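Residue numbers (this note's numbering), protein chains in the order written: chain A, 606 to 810; chain G, 606 to 810.
2 protein chains.
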Amino acid sequence: MIKERKEDITTEQKILQAAKEVFTEKGLDGARMQDIADKAGINKALLHYYFRSKEKLFDVIFVEEARKFMPKLVEIMKSDMDLFEKIEKFVAEYISTLMQNPLLPIFILSEINRNPKETLKKILGNQRPPLEIVDEHLAKLAKKGVIKPIKAEQLMLNMVSLCIFPFIGRPMIQWIMKKNDKEFLAMMEERKVNVVKFITDSIRK
Amino acid sequence: MIKERKEDITTEQKILQAAKEVFTEKGLDGARMQDIADKAGINKALLHYYFRSKEKLFDVIFVEEARKFMPKLVEIMKSDMDLFEKIEKFVAEYISTLMQNPLLPIFILSEINRNPKETLKKILGNQRPPLEIVDEHLAKLAKKGVIKPIKAEQLMLNMVSLCIFPFIGRPMIQWIMKKNDKEFLAMMEERKVNVVKFITDSIRK
DNA sequence: GTCTATATTCCGATAGAC
DNA sequence: GTCTATCGGAATATAGAC
Chain A
606 MIKERKEDIT TEQKILQAAK EVFTEKGLDG ARMQDIADKA GINKALLHYY FRSKEKLFDV
666 IFVEEARKFM PKLVEIMKSD MDLFEKIEKF VAEYISTLMQ NPLLPIFILS EINRNPKETL
726 KKILGNQRPP LEIVDEHLAK LAKKGVIKPI KAEQLMLNMV SLCIFPFIGR PMIQWIMKKN
786 DKEFLAMMEE RKVNVVKFIT DSIRK
Chain G
606 MIKERKEDIT TEQKILQAAK EVFTEKGLDG ARMQDIADKA GINKALLHYY FRSKEKLFDV
666 IFVEEARKFM PKLVEIMKSD MDLFEKIEKF VAEYISTLMQ NPLLPIFILS EINRNPKETL
726 KKILGNQRPP LEIVDEHLAK LAKKGVIKPI KAEQLMLNMV SLCIFPFIGR PMIQWIMKKN
786 DKEFLAMMEE RKVNVVKFIT DSIRK
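Okay, structure coming up:
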């Protein structure tokens, strides 16, 4: 933050990396500054030197992770792709993101639940997916007889649910299905196809 | 716990009720004994008198809530109902349960994520849904041409995802869709039908 | 910038009177 | 059983040397 030479960038980076790991795993309340310091290979005082307080450090991590978590539903849905292409693109991309950041959903959604208003204002502001546009789009396709009638709200909620939930329920799912980490990820990889098929089979006429 | 006369049952009850509210809202780490005491209208010392420690009190709440959370997938799936009836029954019953306990999923799944092994052993043991039976069942129906081929694993994961996720993402969903609590619950009520339709439309041939 | 040592705050838990 | 007062530890945060 103050030193600027090449090798020294790494201290702040190391802190951020360590903080990300500890916070995503334990949440704000469960995380310990000591653990973050240990993982970063430095000591507690230095954390405060760089970020003043636990809350401030947490905020940096949180908004960064929240950005990753928010699906690009808006952009994808507004593009001029075919509906079925949109669904395929969204599901595949989003599941890929989550496979690389498996703890993201439970981390973000837990924190939102603990402190909804503040948190949501911070990360969403007034962003909203273009439900009306998608609704028109769906209505048109339904009229043409290409798909069954469905509300954008419901369709998008279903898409998101099918992508995100397995990661939130991951430990339980692995336990019940007796899968190790590798097998779970393989299942998620398969799911990219399965979920798309599940959705399109449902809405297609 | 010690006194047995009628009016006095309420102290322990009051504690349990207060503890349930605070723990489900804040989680183990975020909950404060002081808040529980305040909400129960007693003082901290009395909490310890009744439950010895925060952890012990938490455990009581947790196993009680976990039982509610675990869907009766096993029983329903093993019954001799028609597949589509099973799906309908499961979805409607489960969404009803969650509407009455909206914080249940995020509470249980957060705690599982913080401490997977211990927690899962405690609440699940060796319980597992009869995936093989359902798989056979699904294979038979697929052969008859009633449904498209699908793995039990995927079907059940999809069912559970579609029911649970909206409650986990509730604050975010309400924010994005500009719905108040009443409107959200109305949407979940509608969803009982919508989700069943979504699933059956997908697998039916 | 980085460390050691220490201050400060908070919170779970206990002692002891009633 | 219930309360007030207090202890003791843990965790965040700061002071100050290097």
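No residue lacks a Cβ here, since even glycine has one placed at the ideal position from N, Cα and C. All values derive from a computational prediction rather than experimental measurement.
When you compare only the Cα positions, how much space is there between residue i and residue j?
i: residue 750(A); j: residue 706(G); result: 39 Å
i: residue 735(A); j: residue 742(A); result: 11 Å
i: residue 772(A); j: residue 785(A); result: 14 Å
i: residue 689(G); j: residue 755(G); result: 14 Å
i: residue 590(A); j: residue 641(A); result: No statement about residue 590(A) is possible, as the shown extent of chain A runs from 606 to 810 and does not include it.
i: residue 698(A); j: residue 795(A); result: 13 Å
i: residue 645(A); j: residue 623(A); result: 5 Å
i: residue 672(G); j: residue 686(A); result: 45 Å
i: residue 752(A); j: residue 715(A); result: 36 Å
i: residue 805(G); j: residue 692(G); result: 8 Å
i: residue 713(G); j: residue 649(G); result: 25 Å
i: residue 700(A); j: residue 799(A); result: 12 Å
i: residue 777(G); j: residue 730(G); result: 33 Å
i: residue 801(A); j: residue 789(A); result: 18 Å
i: residue 783(G); j: residue 727(A); result: 16 Å
i: residue 677(A); j: residue 617(G); result: 48 Å
i: residue 643(A); j: residue 759(G); result: 41 Å
i: residue 670(A); j: residue 769(A); result: 15 Å
i: residue 608(G); j: residue 615(G); result: Any reading at residue 608(G) is ruled out, since the residue's pLDDT is 47, under 50, leaving its predicted position unreliable.
i: residue 661(A); j: residue 791(A); result: 37 Å
i: residue 632(A); j: residue 737(G); result: 37 Å
i: residue 781(A); j: residue 710(G); result: 17 Å
i: residue 810(A); j: residue 810(G); result: 11 Å
i: residue 722(G); j: residue 666(G); result: 18 Å
i: residue 638(A); j: residue 657(A); result: 12 Å
i: residue 702(A); j: residue 635(G); result: 29 Å
Run down chain A in chain order and give the residues with a C-beta less than 9 Å from the C-beta of residue i.
i: residue 733(G); result: 780, 781, 782, 783
What does residue i reach in chain G if we use C-beta pairs closer than 8 Å?
i: residue 758(A); result: 782, 792
i: residue 557(A); result: A question about residue 557(A) goes unanswered here, because the residues of chain A that appear run from 606 up to 810.
i: residue 711(A); result: 714, 715, 718
Give the residues of chain G in contact with residue i, contact being defined as C-beta atoms less than 7 Å apart.
i: residue 730(A); result: What residue 730(A) touches in chain G: nothing, since even the nearest Cβ is about 10 Å away.
i: residue 763(A); result: 767, 803
Is any beta-carbon of chain G found at less than 8 Å from that of residue i?
i: residue 632(A); result: yes
i: residue 806(A); result: yes
i: residue 725(A); result: yes
i: residue 682(A); result: no
i: residue 773(A); result: yes
i: residue 799(A); result: yes
i: residue 770(A); result: yes
Chain A partners of residue i, CB-CB under 7 Å?
i: residue 719(G); result: 631, 635
For chain A, is any of its Cβ atoms less than 8 Å away from the one on residue i?
i: residue 607(G); result: Only weak support is given to the placement of residue 607(G): the predicted model assigns it a pLDDT of 47, under 50, and the value that follows is read from those uncertain coordinates. It does not; no Cβ of chain A falls within 8 Å.
i: residue 705(G); result: no
For a contact meaning CB atoms closer than 9 Å, what does residue i contact in chain G?
i: residue 647(A); result: Per Cβ cutoff of 9 Å: no residues; residue 647(A) is ~24 Å from chain G at best.
For residue i, return the contacting residues in chain A, with the cut-off set at a CB-CB distance below 8 Å.
i: residue 663(G); result: Here the premise fails: no neighbours, minimum Cβ distance about 13 Å.
i: residue 777(G); result: 714, 717, 725, 729
What residues are listed by DSSP as bridge partners for residue i?
i: residue 809(G); result: 752(G)
Nearer than 7 Å: is that true of the beta carbon of residue i relative to any heavy atom of the ligand ADP?
i: residue 675(A); result: Judged by which ligands are present, the structure shown has none, so any question about the ligand ADP falls away.
Which ranges would you report for the alpha helix (DSSP H) in the segment 746-790 of chain A if only whole runs of at least 4 residues count? 757-773, 775-782
Output the residue ranges of the alpha helix (DSSP H) runs that lie fully inside the segment 630-703 of chain A and measure 4 residues or longer, sorted by chain position. 638-645, 649-656, 659-674, 678-683
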